[in-house]
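Asker: First residue of the sequence shown? That's 719 in the working numbering, and the numbers climb one at a time after it. Even for Gly, the Cβ is constructed at its ideal location relative to N, Cα and C.
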Amino acid sequence: MKGTFAYILTLLSCVLFCELKGQLAAPDLRCVSVTSPTSAVLSWIIPPDPSGLFSEYQIWSSSVQTGPFVKIGTVNVYAQTSFTQVPTNADLQSQYYYMTTVSGTTSSLPSDTLRSIFVNFSNPNGVVSLNWNAVHTPLLPSSSVTYTLSREAPAGTWTAIYVGNKQNYKDTIEVCKIFYNYKVEIADNSGCISLSNVTGDTCYNIQAPNIIVIDSVSVKANGESVIGWSPSSSMDVTSYIIYKSSGGFLIPIDTVFGYNNTAFTFTSTSANSGSEGYCVAAADSCGNYSIPSLTHNTMFLKATYDLCSRTAGLSWTAYSNLTNNVLKYDVYCSVDGALPFLVGSATGTTFNHTSLIPGSNYCYTIRVWNSDQSISASSNQTCLTAGSLPGPLFAYINSVSVNANKQVEVSFSVDTTNPYKGTNIYKSEDRIHFSKIGFVASTTVMPIVYTDIDVKTSEKNYYYKVEVSDDCNNPGVSSDTSKTIVLQVSNDNENVFLNTLTWDDYQKWSGGVASYNIYRAVNGVFDSSPVGNVSGSTRSFVDNVQDYVSEQGKFSYFVEAVEGPGNIYGFNDVARSNVADAYVEVTVFVPNAFAPKGQNNVWLPIAQYVEKSDYKVMVFNRWGDKVFETQSDTEGWTGDAATDEIYVYVIEYKNARGEYIQLKGHLTVIR
719 MKGTFAYILT LLSCVLFCEL KGQLAAPDLR CVSVTSPTSA VLSWIIPPDP
769 SGLFSEYQIW SSSVQTGPFV KIGTVNVYAQ TSFTQVPTNA DLQSQYYYMT
819 TVSGTTSSLP SDTLRSIFVN FSNPNGVVSL NWNAVHTPLL PSSSVTYTLS
869 REAPAGTWTA IYVGNKQNYK DTIEVCKIFY NYKVEIADNS GCISLSNVTG
919 DTCYNIQAPN IIVIDSVSVK ANGESVIGWS PSSSMDVTSY IIYKSSGGFL
969 IPIDTVFGYN NTAFTFTSTS ANSGSEGYCV AAADSCGNYS IPSLTHNTMF
1019 LKATYDLCSR TAGLSWTAYS NLTNNVLKYD VYCSVDGALP FLVGSATGTT
1069 FNHTSLIPGS NYCYTIRVWN SDQSISASSN QTCLTAGSLP GPLFAYINSV
1119 SVNANKQVEV SFSVDTTNPY KGTNIYKSED RIHFSKIGFV ASTTVMPIVY
1169 TDIDVKTSEK NYYYKVEVSD DCNNPGVSSD TSKTIVLQVS NDNENVFLNT
1219 LTWDDYQKWS GGVASYNIYR AVNGVFDSSP VGNVSGSTRS FVDNVQDYVS
1269 EQGKFSYFVE AVEGPGNIYG FNDVARSNVA DAYVEVTVFV PNAFAPKGQN
1319 NVWLPIAQYV EKSDYKVMVF NRWGDKVFET QSDTEGWTGD AATDEIYVYV
1369 IEYKNARGEY IQLKGHLTVI R
C-alpha cells in the first residue's frame, strides 16, 4: 500500500510539473508478454492528457539493463494500450523495455523499465531445472506476488505444475522419454499478463525411484511371512523387487507388478525357526531401480515352560526399523484353540505368563506397535502344553462325619503312586464360596482324618473338599464335595411318647447311600445296635419311647449313612450326623385321697420320665410335722397312725432336661 501511494504521488507530481512545462507523463508500463518466438506484446496504462498535447509513444528496448536502449517503435494513437514487437529476441534471452511520451518536441521521462520473463531450462539426471527472472525488481505494486509455471504435454494441453513466489522449480521426470514445454506467467491487476518465452526439450528419466518405506513384516499363523509397504513416491514405478537378507547379502526372491500392489506373502519362509530379514526395491518403466529399503526382520518368538511355577517364559527378537519407533509389544494367547486374547504388554522383549492350567494348550503371538499405533506387525506363533509334576491320580473323601465331641471328621484318601507335598482342606457353608481351613502333610497311611472344630453341627450343613499339592506345592487333583448330615428331633404334642426324626441327605459317595441307621441313647447311653434302618431315599423316622417311662425322659439320636456298593475305589464307609436330643416330659399324677383301711389303702404318686436319684416325696400334718418321706417312686404311704383327715404333700424331682420341679398339694385320708 505504501509503494502504491508513493507511486501515485510521484505520478501526480509529474503530471502537474509536466503540464506546467508543456510535457506529458510516460505511459504506466505494466506487462511484457512473449506471445511467440517472433513477437512480444507490451501493455500499459495511458497517461492523463487533459490539454491534448499528445504526439506519440516511443518504445525503447535493450538486451541488457544498462543499455544502450534502441527505439523499436512508435505509437501515434493516444488511447492505444499495447504494442507488438516483431521480430524480437525475447525467445532467446530476456529483453528490457521502457516507454516515453512525446508532446510536440518534448519527450517525457522514461517509464518503469520492465524485463521480459526468460525461462532457463536444463535436464540433468532426469530432473528438469527451471529458473526465471522477475518482470521488475521489486515487483510492481500492481503485480501479483505469485508466478504460475505450466507444462505442455501433450501438445496443446498446458497444466499448471507450480504456483508460488519462487523463481525456480525442479520437475522430476517420471517417464522414460517425453517432450515437455514450459512457460511462466504473472498477472497484473490492470488485467494484463506478463508471459515468458516457451522453452522445452525431450526429457529423459535417468533417476532411480525413491527408496521404498516398508510398513511391517509379519508372520502368519501358518508360518508364512507377509511384507507390506507404502506405494512409491515415484509415480513411474511399475514393479517392486522383494529381497531376503541372508548372511549379509540381499537375495531377490520375487517381483510384484503394479504400482499399488504393496504386499507380498513369502510361502517358503523359515520364520517359525528364526528371525528373517526382508527389504523391497522399486523399479520404474525405464528400468531404473531404487536403493533397497531398510531391512525389516520378523520377530521370532520362543517359549519355555517352568513346571513348578506353571509359567510360560516368552522371549522374542526385537523389531527394528519400525516407522516412528516401537511403542510396545502386546502378548496374545489362545487356549485350547479358542480365540486369542490379550494377556499383557511389554516394552522389552520378554514376558512371563503365569498360572497356566496343566493339560491345556497355549499358543502365543507377539504384536508390535509403533508410537502412534498406526502400524503393527506380528511374530510367529509358538505353542506349548502346560504340564505338572506327576502327582496323585485321585483324591477322594471317604466320609464327612460328626464325632461324639460335636466336631466334623473329614476322612479322605489320596493316591500314593506318585509323591506329593500334602493335602489342602477346604470348607464352605453355601457350597459356592470355599475357604482353606487346613493342610495335612503327605502320608502313605490311608484314610487320612482331619478334624474341624470350628463348627455348629446341629445348626447348619458344612461342605468339604480336598485338593492335593504336588511336590512344587502346586494344586493338583481335587475331590468331589461332601456334606454333613443335620439331624433334628421333635416330640409329638398329642402323643408324648413319639419322637420324630428328620434329616437331610448325605453327599456324596461314589457308591451312593444305601440306607440310614438310626441310633438312640436313653439317659445318655447309646445302644450298640440301631433302633431302626430306613432306605437311602428316606429322610425321617418315628421312635415310640413309651416303654421307657421309668427312665428320666431324655433321648438322644444320631443317624448313620451307609454307603452302597459300587465305589470306584473299592471303599465302603459310613457317615454320622450330629446328635440331636428329645425330652419327654409327663406331669406326675398325684392321688388326692386314699382310704388306709379301704380298697385303695396306699397313697402312691405315679412318676414317669423323672430322674430317680433326685426323687423325694414328703407328707406333713397340719402342724408341719413330717409323717412320711421316701426317695423311691415305688414306695407309697400306708397312712398308719394317721389322725387327721387333711395332709400336705411335697414332691421334688428333676425332669428330663435336668430342671428341678417341686409339686405341692393336699391329701385327704378317708376313715
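Using a 10 Å radius around the Cβ and a threshold of 16 neighbouring Cβ atoms, would you call residue 1194 buried or exposed?
Answerer: It counts as buried.
Asker: Three-state secondary structure (DSSP) at residue 907?
Answerer: Here residue 907 sits in coil by DSSP.
Asker: Below 8 Å on the Cβ atoms is my contact criterion, and I expect residue 878 with residue 1007 to pass it. Report the Cβ-Cβ distance as a whole number of Å.
Answerer: Actually they are not in contact, since the Cβ atoms of residue 878 and residue 1007 sit about 32 Å apart, beyond 8 Å.
Asker: Check residue 785 in the structure and name its three-state DSSP category.
Answerer: Residue state, collapsed to three classes: coil.
Asker: To the nearest whole angstrom, what separates the beta carbons of residue 695 and residue 1070, a pair I think is in contact under 8 Å?
Answerer: Nothing can be reported for residue 695: it is not among the residues displayed for the chain, which extend from 719 to 1389.
Asker: In this structure, does DSSP put residue 1209 in helix, strand or coil?
Answerer: Strand.
Asker: Taking the continuous beta strand (DSSP E) assigned at residue 1276, which residues delimit it?
Answerer: Per DSSP, residue 1276 belongs to the beta strand (DSSP E) from 1272 to 1281.
Asker: Suppose contacts are defined by Cβ-Cβ distances below 8 Å. Is residue 765 in contact with residue 745 by that definition?
Answerer: It is a contact, given that the beta carbons lie within the stated cut-off.
Asker: What ranges does the beta strand (DSSP E) occupy inside the region 856 to 939, keeping only unbroken runs of at least 3 residues that lie completely in it?
Answerer: Segments of the beta strand (DSSP E) lying fully in the region 856 to 939: 865 to 870, 876 to 882, 886 to 890, 895 to 905, 911 to 913, 917 to 922, 932 to 937.
Asker: Going by DSSP in three states, residue 1265 sits in which element: helix, strand or coil?
Answerer: Helix at residue 1265.
Asker: If distances are taken between C-alpha atoms only, which option among 1176, 872, 1196 comes closest to residue 1297?
Answerer: Ranking the options by Cα distance to residue 1297, first place goes to 1176.
Asker: Would you check if there are 3 or more beta carbon pairs closer than 8 Å linking the region 1154 to 1164 to the region 1213 to 1225?
Answerer: No contact exists between the region 1154 to 1164 and the region 1213 to 1225.
Asker: Shortest alpha-carbon distance to residue 941 belongs to which of 1201, 967, 960, 1016?
Answerer: Checked all of 1201, 967, 960, 1016; the closest Cα to residue 941 is 1016.
Asker: Report the three-state DSSP secondary structure of residue 844 (helix, strand or coil).
Answerer: Residue 844: helix per DSSP, three-state reduction.
Asker: Taking the straight line between their C-alpha atoms, what separation do you get for residue 1101 and residue 1233?
Answerer: The straight-line gap from Cα to Cα measures roughly 52 Å.
Asker: Inspect the beta-carbon positions of residue 1119 and residue 1294 and report whether they are closer than 8 Å.
Answerer: Yes; because the gap between Cβ atoms is below 8 Å, this pair is in contact.
Asker: Mind checking residue 1281: buried by the 16 CB within 10 Å criterion, or exposed?
Answerer: Its Cβ being crowded by 16 or more others within 10 Å, residue 1281 is buried.
Asker: Curious, which full-length beta strand (DSSP E) runs of at least 3 residues does the region 787 to 828 contain?
Answerer: Segments of the beta strand (DSSP E) lying fully in the region 787 to 828: 788 to 793, 800 to 803, 814 to 821.
Asker: Determine the DSSP secondary structure at residue 1107, reduced to helix, strand or coil.
Answerer: In this structure, residue 1107 counts as coil in the three-state DSSP scheme.
Asker: If you reduce the DSSP assignment to three classes, tell me which class residue 1251 lands in.
Answerer: DSSP places residue 1251 in strand when its eight states are reduced to three.
Asker: Compute the Euclidean distance between the alpha carbons of residue 1265 and residue 1139, then round it to the nearest angstrom.
Answerer: Each residue's alpha carbon lies about 55 Å from the other.
Asker: Could you check how far apart the C-beta atoms of residue 1200 and residue 1226 are, in whole angstroms? I think they sit under 8 Å.
Answerer: Contact flag correct, Cβ pair sits at about 6 Å.
Asker: Short check: CB of residue 1000 to CB of residue 955, under 8 Å?
Answerer: The answer is yes: Cβ separation under 8 Å.
Asker: Grab me the residues of residue 1033's own chain with a C-beta within less than 7 Å of its C-beta, minus the 5 sequence neighbours each way, in chain order.
Answerer: Taken in chain order, the residues that qualify are 1020, 1067, 1068.
Asker: Nearest to residue 743 by CA position, among 753, 760, 771, is which residue?
Answerer: Checked all of 753, 760, 771; the closest Cα to residue 743 is 771.
Asker: Have a look at 1197, 1235, 1276 and flag the residue whose alpha-carbon is nearest the alpha-carbon of residue 1204.
Answerer: Per the Cα distances, 1276.
Asker: Residue 1391: which of 824, 917, 1217, 895 sits nearest, CA to CA?
Answerer: The shown model of the chain, from 719 to 1389, leaves out residue 1391, and the question about it has no answer.
Asker: Comparing C-alpha positions only, which one of 1341, 1288, 1378, 1283 sits nearest to residue 1330?
Answerer: Checked all of 1341, 1288, 1378, 1283; the closest Cα to residue 1330 is 1378.
Asker: DSSP three-state label for residue 1345, please.
Answerer: Reduced to three states, the DSSP call for residue 1345 is strand.
Asker: Let's see if you can read the secondary structure: which residues bound the beta strand (DSSP E) around residue 946?
Answerer: Where residue 946 is concerned, the enclosing beta strand (DSSP E) stretches over 943 to 947.
Asker: In the DSSP assignment, find the unbroken beta strand (DSSP E) run with residue 1070 in it and report its ends.
Answerer: Taken as a continuous stretch (DSSP letters only), the beta strand (DSSP E) holding residue 1070 covers 1068 to 1071.
Asker: In its own chain, which residues sit with a C-beta less than 6 Å from the C-beta of residue 1328, not counting the 5 before and 5 after it?
Answerer: These residues qualify, in order along the chain: 1371.
Asker: Any idea which residues DSSP pairs residue 1367 with across the strands?
Answerer: 1337, 1383, per the DSSP bridge assignment.
Asker: Name the DSSP bridge partner or partners of residue 1009?
Answerer: According to DSSP, residue 1009 bridges with nothing at all.
Asker: When the Cβ atoms of the region 834 to 841 are set against those of the region 806 to 822, are three or more pairs found closer than 8 Å?
Answerer: Yes, they touch.
Asker: Within the continuous beta strand (DSSP E) that includes residue 1193, where are the two ends?
Answerer: Here the beta strand (DSSP E) through residue 1193 covers 1193 to 1196.
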